[in-house]
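As structure tokens, the structure follows; a few thoughts come after it.
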Amino acid sequence: MNSTDFAIDSERLHLRIVRLEDAKALAKLLTPEISRWVASWPYPLTAEGAERLISSRLDAAANARIWPMVITARADGGIIGWLRLEQSENDAGVLELGYWIAENAQGKGYAFEAAAASVDAAFSRLDANAVEAGAQPENAVSHHLLKKLGMREVGERLVYTPSRNREEVCRFWRIDKPA
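The numbering of the sequence shown is full-length UniProt numbering, which starts it at 1 and goes up by one.
Set out below in structure tokens:
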């Protein structure tokens, strides 16, 4: 696995590899409004369900280039969200970015700060050539964030969403490693 001590720090945030003991906090933070935008986090989610999700992500990380992380506030260490970087199945040099922020932490720039720090780490520490992210066409907030990161829109494709057991159209964005 990518070392369990892998972490990313920004001005206000600390991102670290998720642990099983984070399950209860993550389950409490997940709401229907968050779940509607994310592929792998169903609502309602129990602590046991969150443990299963975390365990599967950690198992996958043992055999692949995937970094499943919680986003914590440096001020108090509290978990405020989730972020993952994962090697693309189609291109080993591309890392896929996914994230969500708890409703009570939204509107404070945390998602942008976490995403920007993770893109920087993808290029400087994880040897990625590019980072991609996708969001449903109706998710204007995520599209704004991805554009603000300097990503360019690269098209739409169908994505399987385990949380809803169906394929959904997503618009994808990409940023290439600076020369």
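Using N, Cα and C, we set each Cβ at its ideal position, and we do this for glycine too.
For A135 and residue 180, the rounded distance between their alpha carbons
The requested residue 180 does not occur in the structure, where the chain is confined to residues 1 to 179.
Closest to A39 by C-alpha separation, out of Y110, A105 and N139, would be which residue?
Locating residue 39 in the sequence shown gives position 39, counting from the first residue. Of Y110, A105 and N139, the residue nearest in Cα terms is N139.
Span of the alpha helix (DSSP H), counted from its first residue to its last, around A23:
Counted from its first residue, the sequence shown places residue 23 at position 23. It spans A23 to L29 - the alpha helix (DSSP H) in which A23 sits, taken as one unbroken run.
Cβ neighbours of C170 in the same chain (closer than 7 Å, five flanking residues each side left out):
Here residue 170 refers to the residue found at position 170 when the sequence shown is read from its first residue. G134, A135, Q136, E156, R157 and V159.
On the three-pair Cβ rule with 8 Å, is the region 4 to 23 touching the region 63 to 74?
The region 63 to 74 and the region 4 to 23 touch, with three or more beta-carbon pairs separated by less than 8 Å.
Buried or exposed (CB count within 10 angstroms, at least 16 for buried), residue 180
Residue 180 is absent from the structure shown; the chain starts at 1 and stops at 179.
D176 and A130 look like a contact to me (Cβ under 8 Å); what is the Cβ gap, rounded to whole Å?
If you number the sequence shown from 1, residue 176 lands on position 176. If you number the sequence shown from 1, residue 130 lands on position 130. Contact between D176 and A130 holds: their C-beta atoms lie close to 5 Å from each other, under 8 Å.
Return the CA-CA distance between P44 and R65, expressed in angstroms with no decimal places.
The residue labelled residue 44 in the question sits at position 44 within the sequence shown. The residue labelled residue 65 in the question sits at position 65 within the sequence shown. Between P44 and R65, the C-alpha separation is close to 29 Å.
Assumed close pair A50, G93 - CB separation to whole angstroms, cut-off 8 Å
Start at 1 with the first residue of the sequence shown, and residue 50 comes out as number 50. Start at 1 with the first residue of the sequence shown, and residue 93 comes out as number 93. Between G93 and A50 the Cβ distance is about 31 Å, and since that is not below 8 Å, they are no contact.
Option nearest A62 by Cα separation, candidates G150, L30 and V18:
As a working note, residue 62 is residue 62 in the sequence shown. Put simply, of G150, L30 and V18 the residue whose alpha carbon is nearest the alpha carbon of A62 is V18.
Inside the region 15 to 97 only - alpha helix (DSSP H) runs reaching at least 4 residues
At a cut-off of 4 residues, the continuous stretches assigned as alpha helix (DSSP H) that sit fully inside the region 15 to 97 are 23 to 29, 32 to 35 and 47 to 63.
Residue span of the beta strand (DSSP E) that contains E153, given as start and end:
The residue you call residue 153 lines up with position 153 of the sequence shown. R152 to T161 is the extent of the beta strand (DSSP E) around E153.
Which partner residues of Y99 appear in the DSSP bridge assignment?
For this step, residue 99 is matched to residue 99 along the sequence shown. Y99 is bridged by DSSP to L83.
Could you pull out every residue in the same chain whose Cβ sits closer than 6 Å to the Cβ of W173, ignoring the five residues on either side in sequence?
Position 173 of the sequence shown, counted from the first residue, corresponds to residue 173. Listed in chain order, the non-local C-beta contacts of W173 below 6 Å within the same chain comprise A133, L146, M151 and E153, local neighbours out to five positions each way being set aside.
Less than 7 Å between the C-beta atoms of W67 and L85, yes or no?
If you number the sequence shown from 1, residue 67 lands on position 67. If you number the sequence shown from 1, residue 85 lands on position 85. Yes; because the gap between Cβ atoms is below 7 Å, this pair is in contact.
Which of helix, strand or coil does DSSP assign to N2?
Within the sequence shown, the letter at position 2 stands for residue 2. In this prediction, N2 has a pLDDT of 49, which is less than 50 and means its spatial position is unreliable; nothing more can be read from the coordinates.
Beta-carbon proximity of T46 to A27, cut-off 7 Å:
The count along the sequence shown starts at 1 and reaches residue 46 at position 46. The count along the sequence shown starts at 1 and reaches residue 27 at position 27. Yes. Within cutoff.
With H, G and I counted as helix, E and B as strand and the rest as coil, what does DSSP make of E113?
Here residue 113 refers to the residue found at position 113 when the sequence shown is read from its first residue. Of the three classes helix, strand and coil, the one that applies to E113 here is helix, per DSSP.
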